[in-house]
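Contents: one structure, followed by commentary.
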Amino acid sequence: MSPVASVRGVSKVYTKGVFRKRAIKALQTVSLDVPEKGLISLVGESGSGKTTLGKILVGLVMPSSGELSWLGTTVVKGGRITRRDFYLANRHRFVYVHQDPYSSLNPSKNVRSILEPVVRKYKKHLGEADRLRYIKELLEEVGLVPAEYFIDKYPHHLSGGMRQRLSLARALIVDPHLIVADEVVSMVDPSIRVSLINLLRSVVESRGTSVIFVSHDLGAAVYAAGDNPMYVMFKGLVLEFGPASEIVYRPEHPYTRALISNVPVPLALAERRVRGLDGVAEPSGEGAAAASPCPFASMCPLLDEECSSLNLGEYVRVGPNHYSLCVKAGRLPKWRPGWLSTTPGVT
Amino acid sequence: MSSKLGAGVGPEIKLMLRNLRMEYLVREGTIKAVNDVTLPVEEGRITAIVGESGSGKTSLIETFLKLLPKNARIRGGEAILRLSRGGEVDLVRADESTMRRLRGRVIGYVPQGAQNSLNPVLTVEQHFVETLKNHGLWDSKSSMEEVRSVLSTVRLDPDTVLKKYPFELSGGMKQRVVIALTMVLKPELVILDEPTSALDVFSQRVLLNILDSISKRYRNTMVLITHDIPIVAELADRVAVLYAGTVVEVGDTYEVFKEPLHPYTAMLIASIPSVADIYLKRVPRPVPGEPPSLLNPPPGCKFHPRCPYATEHCRTSELPLVEPRKGRLVKCWIYSRGGRE
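From first to last, the protein sequence lines are chains A and B. Under our numbering, the first sequence is numbered contiguously, ending at residue 347. Under our numbering, the second sequence is numbered contiguously, ending at residue 341.
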């Protein structure tokens with residue numbers, strides 16, 4: 001069974017300046033498979049390249065180099081489309097849901113007129129009455145119930161979470177192979193983030209659509225992926241990937257370890273105790289750091305001469321389906337997250 | 001019922017908000033953004049005000065700082081600020097000239113996104129000189145020493161940073177410059193609105209440590225507004241939970257996280273996905289429903305449409321803020337008159 005979408009060694013370089021001489025490497029040699037009926041998470045800080053990667057996967061951004069395949073067919077190679085017919089016939093089924101539900105919906109249209117043109121275009125066989133029934137079923141599927149109540153509402157009547165549900169409903173009309181959900185929970189109230197993630201998971205379950213959950217929030221990304229793959233990105237590179245629950249329990253890259261240690265966790269601590277920065281060295285751009293191609297080298301506490309031998313395309317296998325881009329992966333010192341020792345009742 | 005709360009400002013309360021109400025007048029009606037807020041802010045400690053977007057966190061701050069837009073109306077209540085030189089001021093009744101004297105030197109305020117408010121044509125040093133001069137605190141002999149010391153507290157190297165322009169600094173560094181600009185006036189009360197929201201994980205951790213050391217060094221009272229519950233757990237001594245424009249629970253952070261009393265607080269904490277879940281074998285549970293519109297808030301308790309314990313009483317009558325244990329305030333019927341029906 002071929003993956004829904006996959007990239008092999010994709011890079012994206014943006015050029016800047018009057019003479020286009022300043023190059024910004026947004027993404028470097030990333031390879032990734034989106035499994036059928038799977039949900040995977042991309043996690044990284046701003047500028048890590050996670051949005052660029054998401055957009056490349058749905059064909060919204062052309063990679064500078066590398067290969068993109070959809071359903072086993074190569075559609076983009078070396079910066080140009082190789083199978084234009086296949087690309088045009090399928091691109092509408094690779095959809096992208098945007099971060100900001102306040103600007104991705106037309107404020108002058110109500111729910112019905114936001115969805116109806118899309119239904120008319122992609123569900124041509126439906127007549128007037130069936131179309132309305134279809135829209136109502138769709139609203140129920142994404143949790144906008146009762147559908148009769150929501151169908152004539154305008155976006156300003158809806159909360160951030162409801163708008164995100166509506167955006168998702170619109171994306172589902174095309175029966176997508178793949179939905180890239182880019183930071184869909186970051187502008188939504190904390191108390192309903194989990195229910196939105198649950199909705200994405202149920203879409204994967206019930207429809208067999210694949211979903212890529214893109215987030216800067218490590219907790220949300222881990223919850224969304226569960227035992228499915230998570231890709232940890234930093235400065236345009238995937239530094240570690242594997243089952244999310246396994247990565248959190250047994251991270252095999254110093255960056256992932258530092259990330260997990262430093263993320264604030266909602267635990268009751270008997271006294272106010274702000275943890276110091278853990279697992280991060282004072283940034284230095286000299287010596288071994290300058291010699292290593294690793295993007296985390298300048299801040300890595302484990303940096304030494306060995307790091308200069310790192311090859312950016314070569315991952316070390318550290319477990320079933322678990323890979324790390326650290327030359328020392330598998331030989332890293334024993335580790336526990338910094339906050340664990342302060343947590344009562346956990347061993 | 002709330003007679004204890006009405007018993008004047010105690011010795012260790014820096015700021016006492018009592019029954020504060022504020023509305024915005026809009027075309028569609030009135031938005032009750034601050035709806036009967038009672039909140040004691042203890043001196044020398046960090047109090048976090050947490051709430052979801054639209055719960056009125058920023059509106060609450062702007063109400064007692066009197067920084068409201070033209071369509072806002074304060075509908076009652078008081079905000080008693082105790083001054084360290086003695087005496088009290090009710091900020092709600094204070095006129096603009098009093099407020100101008102208080103802002104900066106007594107009350108420092110770092111609004112959300114303040115890092116973008118630095119003047120692009122002034123160096124960091126000029127920002128400090130101008131700020132000190134404007135507040136009549138400039139002294140050519142000693143001020144620069146003080147500025148350097150404050151910059152060190154926010155972990156910036158004075159020698160390199162002072163001569164720089166804002167565009168030469170990263171977002172996290174600009175944020176720290178703004179905090180240093182606030183702290184150089186030595187305010188008794190510092191209010192920070194979402195200080196960590198635009199920062200990456202590492203800069204966020206550095207900032208948490210800086211805020212912690214500022215609080216320990218200056219011993220001032222800090223109010224932190226945030227939607228980020230994990231940050232509250234680490235940094236704040238006290239936490240106030242805001243829902244639909246009203247404070248539903250106040251208490252010591254540890255107590256509130258260990259045993260949340262208001263159903264909303266409990267459900268909110270249980271709903272946050274975290275990396276710790278895997279270790280704690282915990283599964284986050286969503287809060288059903290949606291936060292209410294403040295234009296047409298539900299009658300009675302504002303949380304009742306989402307609350308599993310709601311009774312007929314919750315749907316009809318406004319609830320008082322009660323003190324079920326010392327130092328703990330809860331606005332829930334469960335804790336009035338000795339328990340649930």
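Cβ coordinates follow ideal geometry from the N, Cα and C atoms, glycine included. These figures come from a predicted structure and were not determined experimentally.
### Query
How big is the Cα-Cα spacing for leucine 39 (chain B) and alanine 240 (chain B)?
8 Å
### Task
Check whether the Cβ atoms of valine 145 (chain A) and valine 180 (chain A) lie closer than 8 Å to each other.
no
#### Entry: Selection from B:Pro273, B:Phe257, B:Thr182 and B:Leu162 that minimises the alpha carbon distance to leucine 132 (chain B)
B:Thr182
### Message
Given this structure, state the Cα-to-Cα distance separating phenylalanine 352 (chain B) from valine 232 (chain B), to the nearest angstrom.
### Response
The requested residue 352 (chain B) is not part of the displayed model; chain B covers only 1 to 341.
### Local Cβ density within 10 Å of histidine 125 (chain A), reported as buried at 16 or more and exposed below that
exposed
### Task
Check the DSSP bridge columns for phenylalanine 94 (chain A) and list the partner residues they point to.
A:Leu178
### Message
What does the alpha-carbon distance come out to for the pair leucine 302 (chain A) and glycine 226 (chain A)?
### Response
29 Å
### Query
Counting Cβ pairs closer than 8 Å, one from the segment 167-187 of chain B and one from the segment 81-94 of chain B, do we hit at least three?
no
### Query
Which first and last residues belong to the beta strand (DSSP E) in which valine 49 (chain B) is found?
Correcting the residue type first, residue 49 (chain B) is isoleucine in the shown sequence and not valine. 46-50 is the extent of the beta strand (DSSP E) around isoleucine 49 (chain B).
### Within 8 Å of chain B by C-beta, residues of the segment 249-268 of chain A in sequence order
Tyr249, Ala258, Leu259, Ile260, Asn262, Val263, Pro264, Val265, Pro266, Leu267 and Ala268
### Message
Please state the DSSP three-state secondary structure of isoleucine 173 (chain A).
### Response
coil
### Query
What do you reckon, are the CB atoms on histidine 127 (chain B) and asparagine 116 (chain B) nearer than 8 Å?
no
#### Entry: Length of the line joining the Cα atoms of threonine 311 (chain B) and serine 245 (chain A)
40 Å
### Query
Quick one: what's tryptophan 70 (chain A) bridged to in DSSP?
A:Ala5 and A:Thr73
### Task
Under 8 Å Cβ to Cβ from valine 307 (chain B), same chain only, skipping five residues before and after it: list those, please.
For the sequence presented, residue 307 (chain B) should be read as cysteine rather than valine. Correct list, in chain order: Pro263, Tyr264, Cys301 and Cys314.
### Pairwise C-alpha distance: glycine 54 (chain B) and leucine 269 (chain A)
28 Å
### Query
Which residue comes first and which comes last in the beta strand (DSSP E) that contains methionine 222 (chain B)?
221-226
### Task
Work out the CA separation of leucine 261 (chain B) and tryptophan 335 (chain A) for me, nearest whole Å.
36 Å
### Message
Using a Cβ-Cβ cutoff of less than 8 Å, which residues in the same chain neighbour glycine 8 (chain B) once the five nearest sequence positions on both sides are dropped?
### Response
For glycine 8 (chain B), the predicted structure reports a pLDDT of 48, less than 50, and the residue's modelled location is therefore unreliable. The matter cannot be settled from this model.
### Task
Determine, using beta carbons only, whether tyrosine 309 (chain B) comes closer than 8 Å to chain A.
no
### Residue-chain proximity (valine 214 (chain A), chain B), Cβ-Cβ < 8 Å
no
### Query
With DSSP run on the structure shown, which of helix, strand or coil describes isoleucine 13 (chain B)?
strand
### Task
Output the distance between the C-alpha atoms of arginine 207 (chain A) and glutamate 137 (chain A), rounded to the nearest integer angstrom.
14 Å
### Query
At a Cβ threshold of 8 Å, is aspartate 189 (chain A) touching chain B?
yes
### Query
In chain order, what residues of the same chain lie with their CB nearer than 6 Å to the CB of threonine 349 (chain B), ignoring the 5 residues before and after it?
Outside the displayed span of chain B (1 to 341) sits residue 349 (chain B), for which this structure offers no information.
### Query
Helix or strand or just coil, what does DSSP make of glycine 8 (chain B)?
Model confidence at glycine 8 (chain B) stands at a pLDDT of 48, short of 50, so the residue's coordinates are unreliable; what they give is reported in the following sentence. If DSSP states are grouped into helix, strand and coil, glycine 8 (chain B) belongs with coil.
### Task
Let me know if alanine 129 (chain A) comes out buried or exposed under the rule of 16 or more other beta-carbons within 10 Å of its beta-carbon.
exposed
### Query
To the nearest angstrom, how far is it from the Cα of serine 6 (chain A) to the Cα of glycine 47 (chain A)?
22 Å
### Task
Please specify which runs of the alpha helix (DSSP H), each continuous and at least 4 residues long, are wholly inside the segment 210-235 of chain A, giving them in chain order.
218-225
#### Entry: Neighbour list for serine 65 (chain A) in chain B, Cβ cutoff strictly below 9 Å
Residues of chain B passing the Cβ test: none, with the nearest at roughly 28 Å.
### Query
Nearest CA to the CA of leucine 15 (chain B): which residue from B:Val110, B:Arg21 and B:Ile191?
B:Ile191
### Message
According to DSSP, is glutamate 96 (chain B) part of a helix, a strand, or is it coil?
### Response
helix
### Query
Mind checking phenylalanine 19 (chain A): buried by the 16 CB within 10 Å criterion, or exposed?
exposed
### Task
Tell me whether the beta-carbon of leucine 325 (chain A) lies closer than 8 Å to the beta-carbon of histidine 216 (chain A).
no
### Task
Using a cut-off of 7 Å between C-beta atoms, extract the partners of serine 195 (chain A) located in chain B.
Pro286
### Task
Quick one: using the 10 Å Cβ neighbour count with 16 as the cut-off for buried, is aspartate 95 (chain B) buried or exposed?
exposed
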